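Here the structure is laid out as structure tokens; the discussion comes afterwards.
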Amino acid sequence: MVTNVLYPALFLGGLGAVLSFILLLAARKFAVYEDPLVAAVLDALPNANCGACGYPGCRQFALEYVKSRDTNMFCPPGGREVAVKVAGLLGLEASPGEAPVAMVLCLGSRDKTKQIGRYEGLDDCRAAALIDGGTKVCPYGCLGYASCERACDYGAICMEDGLARVDGEKCVGCGACVAACPRGIIRMGPRGTRVWVACSSHDTGKAVRGYCEVGCIGCKRCVKVCPDDAMQFDDFLARVDHEKCTACGACIAACPRDTIVGVGLTAEALARAYPPAEAGSEGESDGESDGGRS
Amino acid sequence: MRRTFARGGVHPPQRKELTSGVAISSPAPPAIVTIPLHQSIGAPARAIVKAREEVACGQLIAEPGGFISAPVHASVSGKVKRIAAFPTSIGPSVECIQIESDGQDTWVPDVNLGASECTAALAKSPEDLLATLAGAGLVGLGGAAFPTAVKLRPPPGGKVDTLLLNGAECEPYLTADHRLMIEEAPGIIAGLRVLMRVLGIERAVIGIEDNKPDAVETMRAAVDEIGGVSVEVCCTAYPQGAEKQLIQAILGREVPSGKLPLQVGVVVQNVATAFAAFEAVVRHKPLIERVVTVSGGAVAEPKNLRVRIGTSLEDLVAHCGGVRGELGKLIMGGPMMGKALKSFDIPVVKATSGVLLMDEVEAAQVDEQACLRCGRCVQVCPQGLMPCDLAAMANHGRLEGFGDGADCVECGCCQFICPAGRRLVHSIRFGKSDYRRLKAAEKRQGA
Amino acid sequence: MREERKFSVTEPPHISSGETVPRAMLDTILALVPVTLVAIYFYRLNAVFLIGVCLLAAVVTDAVARKIKGRKPSVSDLSVLVTGLILALCFSPLTNWWTAVFATVLAVGIGKEWMGGLGWNRFNPAAFGRAGVIVLAPVTVFLNRQFAGWNVSFPMSPDVVDSVSGATPLTMIASPQMTLDVPHLQLLLANPGGGGLAETSALALLLGGAYLLYRQHITWHIPVSILGAVAVLTTILGHNPADHLLTGGLMLGALFMATDWVTSPITDPGRIIFGVLIGVLVVVFRVFLGPTEGVAFAILIMNAFVPLIDRLTRRGVFGQLNAAKAAAAKATATKAA
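Residue numbers (this note's numbering), protein chains in the order written: chain A, 303 to 596; chain B, 2 to 448; chain C, 723 to 1059.
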């Protein structure tokens, strides 16, 4: 009875001891030295391996960071907080900089744009783009088949009535959505951008009027009213120069098609952008939701 | 044993009986035509007329915009209304010349619509003939619309020994080539001899599927007295009419992956292209009209029509008694590879072999569900690919192993057979463009 | 805004063959009808009861498992019914109903739904359930105790009980002390003696397999290579191959379980490799490991290798094969010169 237990216990125990000794030898013999700082940096990173920094994963980023001691290397998901922490580990000063944020340059949801035909193909923007952009007449706008939503690892994009919307709080600036969009209407912009033209159409005003209620028609009113000369205009489309823009809200008020978006505006700018008569709930809610960020 | 290609293929319901017995009819030219400048593979043509200019039927209105490009001719006589972007089957906004017909149908001088004697024409030098074909705006009429003259000018070092005339017409519904072979056999043969003279070869084979016995008969009778030309019959199977498959079926030669048929000494031309070559050389008539099959369950009188390039589908369908019942899908081309259109406001182009109006039943699709790995797509792929794997790679953006996908000819066999209703062709198509972009990016990085 | 006339727009092709998954599953069920009828003829209500319990359990498990994942039941594609029916046909009419239910829950709940649902399951659900109850025998014993009072059974004529409760043909051939005392013809046509419901008639199974072949849902490669490998190997080992081909779950496994779309290779050479290796494993299990039902295990083991087999048996793309050959020929020619 005792031997029934004893022999297997001895045998297995002995086997374990021998094997662990071999493992020990192997670990000593084949050990590769690694800077403990790499492990520390790796620990401080989000370890999402998203690739937003341009390296295949967090480990490669950590190795390169420790090697180069380049504080300009930036982890977009980690943001400012991680940058400071990582630089601190190496006894360095974090360079100023923040993760960019994705912006969808289109406001043409299904109810505001002209559709033609009934798309029954694959539920993917890339497929829809192959047959003349699915059902949307606008050759520039959001197709609405959620390729960017699927590409986003952080759940920062959601589709609302056939239009992609970015949640700036959740967006870490990795740029995966930009690559996924066949129409190229998602741009990365500096975090804290407050005013931009949410349209990508280079069609003439007449053409845009024909298919979209909120597209830029190239009337240049925003260019005329801008006190800071921050509105650029080329190829039938207005664009905001973020360096010059002071987010005064004048262009938003001037735009006849509500194509210009403003978030995180000051109370004064809000009042100017959305005059009391039609102080839409849109502007206010945008202001609130963004208050915490800016 | 009847010939066919070695691997894969499907047997979709033919439905050719709707129009195969209907003789080609020629409706009166339309009141207005919209002629796209981009009708062939390659660069779009450049307009050389202005708005309000008077043009005659067959007059050159746009010249080639590059080496691989074809000129465009006015298909009615009248006044140029405007030159602007219109929705076409090529894209949602393509530069077009719109001509308002004066109802006279005056042709440019020198056109002889009744001529059929080709001895004199065939005596011309190959260079002259080639120039005539190029000037007439000939493109492959099978659907790809590759400029014929470019295809007939093999690069130095390429040796061609056989011309293969494609009369397979494997797409369901379509009978335009079928009717043309029955009604215009002598013309097709004359065109074939023109093409042979241009290529400087003595051997030509006409490949026809065995579902067109009457066409085989008339073509055999027509080639009777010409040496070096033979008519070969092959089994009915889709995609028999694909270049590489037809070469394998008829000549037993396998075109290497990623290469042109020239590699194995063959040039393939469609029967309709041969007929157009005959018209261009003997009748001096540029390519301004073609035979189009209008068919499907939602059209009142399915027909084969000889129509002017630029005729809108609205007019085309009106000639066929209009829409009957509920229209589910409007397709330009065949049901396997044609393009679904969003409206009738689209002009016929040189590549339009058919217009299908499918009713709701014909247009119904299988609901999509997860791939069951039944392997049917692998069995039917004529190119020997693994469509289910390629589609999965494309859908998930894992393109490292997508290399073979470049060989996909988008014939649609895999999606046709798929019991799970997977949209395999869609996925592979965008996979191909994603893969090209990935490779280009890698190349840039490497350089 | 205004919407234009609503034409459907999709990429080509615009027509489809009309083959659908439910149709294929229905065909599989139709293919199993002959053997089901033979089983019902011999075992009467016992067979009906067992099959009914398995089907019901399959449907309920599917609904519950999918509910947990927040999806709708997938009964409409009929695949769970195929799994339930095949499982029922694996069992002997004496099997307790809770064992059958337990196997079905394993098959549909874990083997299919937990592995991702139809199309994503790596292992054949029926084989998974069948093997599961063997591996988890202690659980079955536990269930036996719990449900002892619940045993529902139908009166069986005494001679049938005798034949069923004795040694099954499989145990006879697999154990060295016994010999098969049932004529082959009886095994082939109609044999009421022992084993699973599907063991009553090999011919009925073959009929079903022929129907599936005719409908092109399966190819000949897998069944022929499994049965061929078993026949050849048993002959080499000095057994009578017919003994092995006609007994146990081999016929059912080769025609209906190994040919499952989801869990078998998609290339023809791959299918042959897959089939031959299953055949080899079955013979190893039967001849060297004693009287066990090895078919389900053999199928499960080979299921795990399917992705590897698929990768190794990629076909040459059109125009690449001959080009490679030509290059090789040229190389040898230059070498010779």
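Glycine is no exception: its CB is placed at the ideal position from the N, C-alpha and C atoms. Predicted, not measured: the structure shown is a model, and the values here were computed from it.
Taking C-beta atoms as the reference points, Phe813/C and Gly918/C count as a pair closer than 8 Å.
CA-to-CA, the gap between Ile33/B and Ala509/A works out to about 23 Å. The beta carbons of Ala453/A and Ala482/A sit about 4 Å from each other, so the pair counts as a contact at 8 Å.
Within chain C, the C-beta atoms nearer than 8 Å to that of Leu432/A come from Glu733, in chain order. Here Ala135/B is not near Ala116/B, since their CB atoms are 8 Å or more apart. DSSP places Gly329/B in the uninterrupted beta strand (DSSP E) bounded by Leu328 to Met333. Interface criterion met: the Cβ of Ile418/A is under 8 Å from a Cβ in chain B. For Gly402/B, no chain A residue has a C-beta closer than 8 Å to its own C-beta; the minimum C-beta separation is roughly 18 Å. Closest in C-alpha terms to Pro734/C, from the list Asp530/A, Ala346/A, Ile324/A and Ile433/A, comes Ile433/A. An exposed status is given to Ile227/B, since fewer than 16 other beta-carbon atoms sit within 10 Å of its beta-carbon. Under the DSSP definition of a beta bridge, Ala44/B lacks any partner. Note: Leu164/B is bridge-paired with Ala205/B and Val268/B in the DSSP secondary-structure output.
Residues of the stretch 111–126 of chain B whose Cβ lies closer than 8 Å to any Cβ of chain C: none.
Chain C places no beta carbon closer than 8 Å to that of Glu451/A, leaving this residue out of the contacts.
Under the three-state reduction of DSSP, Ser730/C is assigned to strand.
The Cβ atoms of Thr176/B and Glu210/B lie no closer than 8 Å to each other. The beta carbon of Lys834/C does not come within 8 Å of any beta carbon belonging to chain A, so the residue lies off that interface. In this structure, Leu328/B is the residue among Cys372/B, Leu342/B, Asp346/B and Leu328/B with its C-alpha nearest to the C-alpha of Glu363/B.
For Val861/C, not one C-beta of chain B is nearer than 8 Å to its own C-beta. Within chain A, the C-beta atoms nearer than 7 Å to that of Phe729/C come from Gly419 and Arg420, in chain order.
In this structure, the straight-line span from the alpha carbon of Ala532/A to that of Glu545/A is close to 8 Å.
Shown here for Thr956/C: same chain residues with a beta carbon closer than 7 Å to its own, the five before and five after excluded, namely Pro963, His966 and Val1005 in chain order. Counting along the chain, no alpha helix (DSSP H) covers Asp360/B; the unbroken beta strand (DSSP E) around it starts and ends at Gly355 to Asp360.
Exclusion of the five residues before and after Ala556/A leaves Arg523, Cys524 and Val527 as the residues of its chain whose Cβ lies within less than 7 Å of its Cβ. Leu424/A belongs to the set of residues whose beta carbon lies under 8 Å from a beta carbon in chain B. Taking C-alpha positions only, Asn305/B is separated from Ile347/B by approximately 18 Å. Using a Cβ-Cβ cut-off of 8 Å, Thr437/A is close to Val731 of chain C, given in chain order. In this chain, the beta strand (DSSP E) harbouring Lys80/B covers Gly79 to Phe87. Contact residues of the stretch 974–989 of chain C toward chain B are Trp983, Val984, Ile988 and Thr989 (C-beta to C-beta distance below 7 Å). At least one beta carbon of chain A lies nearer than 8 Å to the beta carbon of His427/B. Listed in chain order, the alpha helix (DSSP H) elements of length 4 or more contained wholly in the stretch 336–370 of chain A are 338–346 and 360–370.
A residue is called buried when at least 16 other Cβ atoms come within 10 angstroms of its Cβ; Arg1033/C does not meet this threshold and is exposed.
The beta carbons of Val516/A and Arg485/A sit about 16 Å from each other, so the pair does not count as a contact at 8 Å.
Against chain C, the beta carbon of Ala429/A has neighbours under 8 Å at Glu733, listed in chain order.
Flagged as an interface residue toward chain A: Pro93/B, by a C-beta distance shorter than 8 Å.
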